[in-house]
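First the structure, in the form of structure tokens, and then the observations on it.
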Amino acid sequence: MSAVIDRRGFMAASLVGAGALAFEARIALAETPGAVPLNAFIRIGADNKVIIGSKNPEIGQGIRTMLPMLIAEELDLSWDQVVIEPTLANDKIYGVQSAGGSNSTPNNWLPMRQVGAAARAMILSAAAKEWGVGAASLTTAAGKVSHAASGRTAPYAAFARGAAGETAPDLAKVALKDPSRFSIIGQSKIGVDTVAITQGKPLFGIDVDMPGLIHGAIIKAPAHGATIASHDAGTALKRKGVIAVVPVNSNSVAPGKFDTLVVVADSWWTAKNAREAVKVTWDDAAQQGFSTEAYDKGAAAAFAAGPQIAHAKNGDVAKALAGAAKTITADYSYPFLAHGTLEPQNCTGRWADGKLEIWAPSQAPNNGRNDTAAMLGIKGEDITIHQTRIGGGFGRRLINDYMVMVAQVAKALPGKPVKILFDRTDDLRHDYYRPAGWHRFTAGLDAKGDLVAFRDHFVSFGKDGKPIRAAEMSPFEFPVNVLADSEIGITYLPTNLATGWLRAPTSNAVSFVYQSFMDEIAQAAGIDLPELMRRTLGAPRDLAVVPGRPVLHSGRARAVIEGVCKMANWQGGKLTPGPKGEKRGRGFGFYFSHRGYFAEVVDITITEGNNVRVDKVWACGDIGSQIINPINARHQVQGAVNEGLGQGMVEQKIEQVKGVVQAESFGDFPLIRIEQVPREIAVQFLKTDYPPTGLGEPSLPPVIPALANAIFAATGQRLRQLPLKLA
């Protein structure tokens, strides 16, 4: 959503809300002929179409449609008059712009509504002055202003220029609609890009094209963290179409070092093939000792030695276990995972006159601005960032290495727009991986079968006693946060792999190990997991109230547990065998993640060859008082469930030998296929008296333990390692 400075001056609007957005937006008349800007998000066209800027990155979560829905609702528009455009990335104008942590909804639920309500108030004020009536006597609907006493009605466009001259109201005090009057919020709206996607139109970063575009293919060290000792690009540069070979720092190694070469040519195919002619010597001796086998041995040694760090400790667990009527012990583990985005990493940049313009499929573009400015030694305001649609992020595109790299190449070749594109092997071998982890659990039950003691020794990756990125563990994990005698101890192992957040960070792994082990505890207690959860959660209340941290409310948790059990007619994990005598089972899982509560039930059949077929999944969630776009919300849950099933039942794991990741393609790191997804994923939302929260992540974690628990119910085999594989 572009704008130009005009001699008519600036308009300032202050937006404060949700503790996340606070900005002063100075804008002027937009480039669109006849369109009048009311604030940084809204322009009104002469045809009464209203152009609404959508500020956050779109990675398939539907935010590009949802945020304008909030504005349009309070602006009192009809949806068919709305035109949606992505804004530039500029946090000084638009506030926080990111797609991560399921934060877009909670951070923008009030602020975006306030933007629309403020614009409506400005239009009413302008209309009142023009008609010589009181603003309170006017009403709005479907982009029109009406005065009942005189019978006059006029479109917003008639008052747009007058409204632009009005002083913006205090957004914190502007009146908002009662939810009973919503006509857009709560109604299913097809994604703004959906039709274009089905027609194959260019929307994504990989689609960016412009006159004179040149292309870059990357060469990175096989072992993560290695740097370039020397290189010879002479032969490659003699190839037709090859323009340059540029050493860059991907922002993963020390300043002054280079860990990547970018071969630049007149086509990406030429650049890709020219890589084989570049001779590189890598400084990688320090990285070669790392391997999957070594990590497994390190975890075993850590379990034998005991935890290095006391992460959480309540009461006297040793004493409680010694006095327990029954104890249960089990070891669980999960592997490193890649993100496996269908659109590989890419970015386009152009350097001219000391300034940089970037087209980036980034989940955190303004973080990328900061990283890029630091790498180039320029000011952040000298970088313009266009937000392209993202063909899969899942957390990978929170790391802006592609942006930092293309900026260095663009600066080395000023005036030439250049696009860097990873191939599939680049993408899988040079990801920022979800860390692997190992857990040794011990639990104690009293004579009544109640859970009274719980211990977890967690082994993952860190340095100097602190976790590396995405290896964090909450000290308030359930049931640690409700038991008088409970503890979590941690041991950190070293790794050379770069790590990062994967959709539902930490939760995607911890849910599997905790809810699977809780199912073991339930079996030992002679009850099912939903009943154990109810008993352990106890009376409705906030658990472990910690400032700044989302709090688990046991009543909301119990409600979704009871909700999914009712949906699925839960009567335990045993199911009648299939028509050919196939084993069948069902499993349950619950998790609280990113402010959202979800309980899920999975029905499976064990088919010929000990393969697992998922027949149906039920999901019951509580994400607050309002489902903003129901069709998209349902699709988000269904997509998350399928992604979680992929992590659980497909051979997804990253293996490493002598410091080098082995995966080359989706043949080595498969994604779930259409024939593997359940025929039905039933979704239900419980509306509660809490502010709306995000949905991109919380529905994923519970399906993995539900799947594992269903396999146990069908076969009696307890699978404690991901990916799940029957013997």
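36 is the number of the first residue of the sequence shown in my numbering; add one for each residue after it. Note that the Cβ used here is the ideal one computed from N, Cα and C, for glycine as well. The structure displayed is predicted, hence computed values, not measured ones.
Rounded distance between the beta-carbons of residue j and residue i, thought under 8 Å
i, j, result
"SER551", "ALA743", "5 Å"
"GLU597", "ALA741", "With 8 Å as the limit, GLU597 and ALA741 do not qualify as a contact, their Cβ atoms being about 16 Å apart."
"ALA373", "LEU272", "At roughly 32 Å, the Cβ-Cβ gap does not stay under 8 Å, so ALA373 and LEU272 are not in contact."
"SER326", "VAL692", "5 Å"
"ALA592", "LEU572", "6 Å"
"PRO422", "PRO121", "For the sequence presented, residue 422 should be read as Gln rather than Pro. That pair is a contact at about 5 Å."
"THR728", "GLY679", "Wrong, their Cβ atoms sit about 19 Å apart, outside the cutoff."
"LEU173", "ALA161", "Incorrect: roughly 10 Å between the Cβ atoms, too far for contact."
"SER521", "VAL718", "Between VAL718 and SER521 the Cβ distance is about 33 Å, and since that is not below 8 Å, they are no contact."
Beta-carbon proximity check, residue i vs residue j, cutoff 8 Å
i, j, result
"LYS224", "ASN646", "no"
"ARG504", "ASP466", "no"
"ALA478", "PHE489", "yes"
"GLY324", "GLY694", "yes"
"ARG404", "ILE413", "no"
"GLY631", "ARG621", "no"
"LEU578", "VAL517", "yes"
"ALA154", "LEU110", "yes"
"ASN74", "GLN132", "no"
"THR262", "ASP294", "yes"
"PRO252", "ALA203", "Checking the sequence shown, residue 252 turns out to be Ala, not Pro. No, they are not a contact pair."
"GLY683", "LEU757", "yes"
"ILE562", "ASN381", "no"
Through-space distance from residue j to residue i, alpha-carbon basis
i, j, result
"LEU64", "PRO72", "Confidence at LEU64 is low in this model, with a pLDDT of 32, below 50, so the placement of that residue is unreliable and no value is reported for it."
"VAL772", "ALA539", "For the chain, the structure presents residues 36 to 762; residue 772 sits outside this window and is missing."
"LYS451", "SER285", "20 Å"
"GLY613", "ALA748", "14 Å"
"ASP436", "PHE429", "16 Å"
"ASN401", "ASP82", "34 Å"
"ASP650", "ILE707", "15 Å"
"LEU50", "VAL117", "Summary for LEU50: the model assigns pLDDT 42, below 50, so the residue's position carries little reliability, and this model does not support an answer."
"GLU93", "GLU617", "43 Å"
"ALA70", "LYS390", "29 Å"
"PHE720", "THR376", "28 Å"
"ILE434", "SER700", "21 Å"
"ASP318", "ILE739", "40 Å"
"ILE746", "LEU754", "8 Å"
"ALA574", "ASP554", "21 Å"
"ILE689", "ASP366", "20 Å"
"GLY341", "ASP638", "38 Å"
"HIS346", "ALA471", "18 Å"
"ILE523", "PRO514", "11 Å"
"PHE45", "ALA170", "Residue confidence is low: PHE45 scores 26 on pLDDT, short of 50, so the model does not pin down where it sits. Its coordinate-derived value is still stated next. Cα to Cα, the separation comes out at about 25 Å."
"PRO214", "GLN149", "14 Å"
"TYR626", "PRO733", "8 Å"
"ASP458", "SER302", "14 Å"
"LYS722", "ALA336", "47 Å"
"ASN142", "ALA360", "47 Å"
"VAL298", "ILE254", "8 Å"
"ASN543", "ALA156", "44 Å"
"LEU159", "GLY702", "60 Å"
"VAL652", "GLY624", "11 Å"
"SER37", "GLY80", "Residue placement at SER37 is flagged as unreliable, the pLDDT there being 35, under the threshold of 50; a coordinate-derived value is accordingly withheld."
Residue span of the alpha helix (DSSP H) that contains residue i, given as start and end
i, result
"HIS670", "665 to 684"
"SER768", "The first residue shown for the chain is 36 and the last is 762, placing residue 768 beyond what the model contains."
"ASN402", "400 to 411"
"ILE158", "139 to 166"
"LEU463", "459 to 464"
"GLN443", "436 to 447"
Span of the beta strand (DSSP E), counted from its first residue to its last, around residue i
i, result
"ASN74", "Neither: ASN74 is in no beta strand (DSSP E) and is coded neither H nor E."
"TYR367", "361 to 369"
"LEU480", "472 to 480"
"ALA395", "390 to 395"
"TRP653", "646 to 657"
"ILE418", "418 to 422"
"VAL453", "453 to 456"
"TYR527", "521 to 528"
(request) Note down, one range per segment and in chain order, each alpha helix (DSSP H) of at least 4 residues found wholly within the segment 557 to 640. (result) 564 to 572 and 589 to 603
(request) For the segment 169 to 224, list the beta strand (DSSP E) runs that are entirely contained and at least 3 residues long, ordered along the chain. (result) 173 to 176, 179 to 182 and 187 to 190
(request) Within the segment 223 to 279, note down every full beta strand (DSSP E) run reaching 3 residues or more, in order along the chain. (result) 249 to 255 and 262 to 267
(request) Pick out the complete beta strand (DSSP E) segments inside the segment 74 to 126, 3 residues or longer, and give them in chain order. (result) 77 to 79, 85 to 89 and 117 to 121
(message) Please give the ranges of any beta strand (DSSP E) in the segment 704 to 753, keeping only runs that are unbroken, at least 3 residues long and fully inside the region.
(response) 715 to 720
(message) Going residue by residue through the segment 482 to 519, where are the continuous beta strand (DSSP E) segments of at least 3 residues, counting only ones entirely within it?
(response) 486 to 498
(message) Ignoring anything shorter than 4 residues, give me the alpha helix (DSSP H) runs that lie fully in the segment 311 to 381, in order along the chain.
(response) 327 to 340 and 352 to 357
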